[in-house]
Amino acid sequence: MDAFVQCQRTRPPPLTVQHARRNIGDRTSTLTQEPPMSHVSLKCTACGNLHDSSMDTIQCPDCGEPVDVRYGPNRQTGDHTWAGVPIPMPYHQTGQSVTLGEGNTPVVAVNWVAGEVGIQNVDAKLEYMNPTGSFKDRGTAVMMSVAKELGVTEVVEDSSGNAGASVSAYAGRAGIIAHVFAPANAPEAKLQQIKVYGAQTHSIEGPREATTQAAIDYYQQRGLVYASHNLSPYFLEGTKTFAYELAASPAGVPDHVIIPVGNGALFIGTWKGFQELLAAGRIDKTPKMHAIQADGVMPVAAAFAGKPWTLEDSRPTIAGGISVATPPRKQQVLDILSASRGQSIAVDDTSIVWWQKAMASKEGIYCEPTSAAAFAGLQILAEHGHISREDRALVAVTGFGLKDAPPA
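Numbering (this note's numbering), first residue to last: 215 to 622.
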């Protein structure tokens, strides 16, 4: 058991609406008295216990582990489609969904990359074409749609940049007050983006984990909703649309999907999407899923390789978006790696910077360092024979380069 899980299990369970009211006296909770969404329950990823669909439940009240959305027999597929395919979603389609036109991002062939790594077919899915410049908009759109349906008026989030900007933008769109906690050393462009969308920004000194703890303390003390992209099960319901788009593309499901992984929201959501499509008979195979990390912060890659790694082993990395030493959903990522027969690779900052510059100059794709790490990982996967020359690989370009420019 890793140190994070031990810590989580000694913490009090997440606040319910009743707990929040008791702790904040005469103040009212940010949730209304509407009944929870009847077609949705939340299932613990560890003990399997079921809980109601409140946004307050981001971890299992019984064991402290993350929860995922489970749909009942009247699952909401009739009114929801994505890429022309019915898709279960947690909120009701009433014309009140919170959207900025996220998703349906382009897939482009990257032929120079293919030649460089020795694979015939490599594609890049340009997630920086989402409204705020990263894949996070997929998850935030669904999370905020649920929040709006449940009457939430104020949320708290912690982020190194991209998720904070996304939550700030979509909260503004929904008329919800957002408090975003960000590391003081986050890229200035990302911090400015968070602020310009109108969030109340809290800058926190210290390691990334200090930012998370500050956000947790804030929401618990004030009885607010923790709209955590790291833990919210509704965020994952948005990121699964990535898989639906790949399945609906002319080329279909690729043989390999390569994703940079910090907390793993896109990685986990994509796998869930493929599993839903497989169960519905809409695809007949799933890809191998590969999780790429920076070697300065590599809890998943180390665990996958069976090597010891702790918070004390972490080092600064240019790939701030995946600099997450204690990901709460680490076990889910490892389970997906096993189920999909994928790999987890750690890459160094030198290769990340090289690939960021090469992608811009050779392919016209200006990605942030976190995304460049995925291409560095692709190269190692090919060199080690995990991807054959005849396979088709797709790399998720998760964020835009102007948010986190490389050193000159």
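Note that CB positions come from ideal geometry on N, CA and C, so glycine has one too.
How many Å lie between residue i and residue j at the Cα?
i      : j      : result
Cys261 : Ala586 : 36 Å
Val514 : Gly298 : 34 Å
Thr246 : Thr453 : Model confidence at Thr246 stands at a pLDDT of 40, short of 50, so the residue's coordinates are unreliable; what they give is reported in the following sentence. Straight-line Cα distance between these residues: approximately 26 Å.
Asn399 : Gly315 : 30 Å
Ala328 : Ser552 : 26 Å
Pro300 : Ala323 : 27 Å
Asn263 : Cys277 : 9 Å
Gly181 : Glu402 : No information on residue 181 is available, as it lies outside the stretch 215 to 622 that the chain covers here.
Ala494 : Glu279 : 28 Å
Leu616 : Ser252 : 42 Å
Val366 : Ile550 : 32 Å
Gly487 : Phe456 : 8 Å
Using three-state DSSP, classify residue i as helix, strand or coil.
i      : result
Tyr411 : coil
Asp351 : helix
Lys499 : coil
Thr455 : helix
Ser552 : helix
Asp563 : helix
Val511 : strand
Asp431 : helix
Ile418 : strand
Leu445 : coil
Ile594 : helix
Pro300 : strand
If you follow the beta strand (DSSP E) that residue i is part of, which residue opens it and which one closes it?
i      : result
Pro474 : His470 to Pro474
Tyr285 : Val281 to Tyr285
Asp372 : Glu368 to Asp372
Ala392 : Ile391 to Pro397
Leu438 : Unbroken run through Leu438: none, as it is neither H nor E.
Leu340 : Asn335 to Leu340
Is the beta carbon of residue i sitting closer than 7 Å to the one on residue j?
i      : j      : result
Glu451 : Val312 : no
Ala377 : Lys350 : yes
Pro583 : Ile532 : yes
Ala517 : Leu548 : yes
Gly476 : Val538 : yes
Pro447 : Val281 : yes
Ile472 : His504 : yes
Ser382 : Val370 : no
Ser380 : Ile272 : no
Ser359 : Tyr305 : yes
I'd like the span of the alpha helix (DSSP H) that includes residue i, first residue to last.
i      : result
Val331 : Asn325 to Val331
Arg387 : Asn376 to Ala388
Phe664 : A question about residue 664 goes unanswered here, because the residues of the chain that appear run from 215 up to 622.
Contact between the region 584-598 and the region 556-563 is defined here as three or more beta-carbon pairs at a separation below 8 Å; is this criterion met?
yes
Determine, using beta-carbon pairs with one atom in the region 604-615 and one in the region 321-340, whether at least three such pairs fall under 8 Å.
yes
Say whether the region 464-471 touches the region 485-502, bearing in mind that this needs 3 or more beta-carbon pairs closer than 8 Å, one atom from each stretch.
yes
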